[in-house]
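Taking it in order: structure first as structure tokens, then the write-up.
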Amino acid sequence: MAKLPDAPPGPKGISLFLVPKFMVGDDGSLGERNTVSCGSIEHKMGIQASATCVMNFDDATGYLIGEPNKGLAAMFTMMNYERLGVGIQGLASGVRSYQSAVEYALDRLQSRAPTGAQNKDKAADPIIVHPDVRRMLLTMKAFNEGGRAFSSYVALQLDIAKFSEDDAARKRADDLVALLTPVAKAFLSDIGLETTVHGQQVFGGHGYIREWGQEQLVRDVRITQIYEGTNGIQALDLVGRKIVGSNGAFYQLFSDEVRQFINGADGALNEFAQPLAKALNMLDELTGWVLDRSRGNPNEIGAASVEYLHLFGYTAYAYMWAMMAKAALGKEQQEEFYASKLGTARFYFARLLPRIHSLDASVRAGSDSLYLLKASQF
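Residue numbers (my numbering): -16 to 361.
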């Protein structure tokens, strides 16, 4: 990314260039070395296998790609896909952490279960009998499987937007992808860090020691909240551009779909459909509140954005879990897989979805308390 000499000021003047390591002749043969070079390699917290470099382009030859001053638009085409990929990276870290944490919890013996010895032939019970260990493992499992379902849902919308022969379906899916991309990037990576830290905590002191692997996962997942647009910027994109910018139209597509699912739920699904309906009602009302407040004070968008995105994410995961529960109901007696899905769904609705109440209260507190201090008072 660079500017031409006559480029307009600001980001509108950025162009995209290809800078080769070696110059190429007209016949395709390699010529002399271009003057692009690596100035240094950064020393980072994590992802050590991915070199982050300071690049020097002194007198280097570069080739313009696309139109002059249109580089930022080309970059964002790539960035939107990268943001989805970074969300998957956060999810994958949580899944890997969970896999080793479960294995450790089944194998590690420490004290006895609160209800009495479960493993009487051994000196202690495996730590998976302890309520707090189960809380952490179930939190990881619920977030991981909910995240997998959500990422698959977004991928489905991408396919519809690209391949559907129905113009209206393509437009609807494209708008949904625009709405959900910042949620996928930020929520999956925020939850990915929480999940990975839970995995490290299951290991106790061993989780802090490098050879057990959890320490690296925690270091590596941290970048997902930062690169390809920090999660605060993703939240601003969601609220400022996708919610306020469309006057709620993009959001309404998602809300209407979830509402249709709720309205079609039968009695057996009510234990999931009813709390999902309450969560959707809360998100609907909060979306209207944010739209109203944003018209009077631009600070309200920034003040609301992160907690709003998280509330959106928890509600989207609830929709995913309700759909999975619908698929599993009636099959749990025959297959352990479906019994596990239903048990995890019940945990999500009982222990994780209630977080939306504090998020709602925080958003509705507005921006006033953020500006009570002068800069000198920090």
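Heads up, the beta-carbon is just placed ideally off N, CA and C, and yes, glycines get one too.
DSSP places Gly349 in the coil class of the three-state scheme, outside both helix and strand. Residue nearest to Asp90 within the set Asn17, Lys145, Lys105 is Lys105 (criterion: CA-CA distance). Contact between the segment 162 to 175 and the segment 281 to 297 is present: three or more C-beta pairs spanning the two stretches fall below 8 Å. DSSP, reduced to helix, strand and coil, places Phe0 within a strand of the structure shown. The secondary-structure analysis by DSSP pairs Ile48 across a beta bridge with Leu(-1). In the DSSP annotation of this structure, the continuous segment of the beta strand (DSSP E) that includes Leu13 starts and ends at 13 to 16. Annotation: the segment 103 to 177 contains the following complete segments of the alpha helix (DSSP H) (minimum length 4 residues), in chain order: 114 to 146. Going by C-alpha positions, Ser83 is about 13 Å away from Glu194. Here the alpha carbon of Gly129 sits roughly 53 Å from the alpha carbon of Asp9. Between the alpha carbons of Gly212 and Ala256 lies a gap of roughly 34 Å. 8 Å or more divides the Cβ of Arg276 from the Cβ of Leu263. Just measuring C-alpha positions, the residue of Gly175, Ser134, Gly11, Val37 sitting nearest Trp304 is Ser134. Put simply, the backbone Cα of Glu50 is about 26 Å away from that of Ala144. Under the three-state reduction of DSSP output, Ser33 falls in the coil class, being neither helix nor strand. Taking the Cα positions, Gln101 is about 28 Å away from Leu335. Taking a 10 Å sphere around the C-beta of Thr98, we find fewer than 16 other C-beta atoms and assign the residue as exposed.
Taking the Cα of Leu74 as reference, the smallest distance to any Cα among Phe146, Tyr87, Gly22, Ala132 is reached at Ala132. In this structure Leu92 is exposed. Its beta-carbon is surrounded by fewer than 16 other beta-carbon atoms within 10 angstroms. Rounded to whole angstroms, Val201 and Arg16 show a C-alpha spacing of 40 Å. Restricting attention to alpha helix (DSSP H) runs no shorter than 4 residues, the segment 244 to 318 encloses them at 253 to 279, 282 to 311, ordered along the chain. At a Cβ-Cβ threshold of 8 Å, Met58 and Leu(-1) count as neighbours. By the criterion of a C-beta distance shorter than 7 Å, Glu65 is surrounded in its chain by Glu211, once the five residues flanking it on both sides are discounted. By the criterion of a C-beta distance shorter than 8 Å, Cys36 is surrounded in its chain by Cys21, Gly22, Ser23, Ile24, Glu25, once the five residues flanking it on both sides are discounted. Measuring C-alpha to C-alpha distances from Val78 to each of Leu67, Val116, Ala32, Thr178 identifies Thr178 as the nearest. Closest in C-alpha terms to Gly45, from the list Ala56, Ala96, Tyr302, Met(-16), comes Met(-16). Counting along the chain, Gly54 sits inside the alpha helix (DSSP H) bounded by residues 54 to 90. Ranked by Cα distance from Phe237, the first of Phe320, Val166, Val273 is Val166. Three or more beta-carbon pairs separated by less than 8 Å are not found between the segment 319 to 326 and the segment 336 to 347, which leaves the two stretches without contact.
Between the beta-carbon of Gln183 and that of Gln199 there is about 10 Å, and that puts the pair past the 8 Å contact cut.
Between Val7 and Ala43 the beta-carbon gap is near 14 Å, outside 8 Å, which marks them as no contact. Per DSSP, the beta-bridge partners of Phe5 are Arg16. Annotated as proximal: Tyr81 and Asn127, with beta-carbon spacing under 8 Å.
Taken through DSSP and simplified to helix, strand or coil, Gly22 comes out as strand.
Judged by pairs of C-beta atoms under 8 Å, the segment 226 to 235 touches the segment 271 to 290, as three or more such pairs exist. In the displayed model, Asn214 falls within a helix according to three-state DSSP.
The C-alpha of Val137 is placed about 34 Å away from the C-alpha of Ile111.
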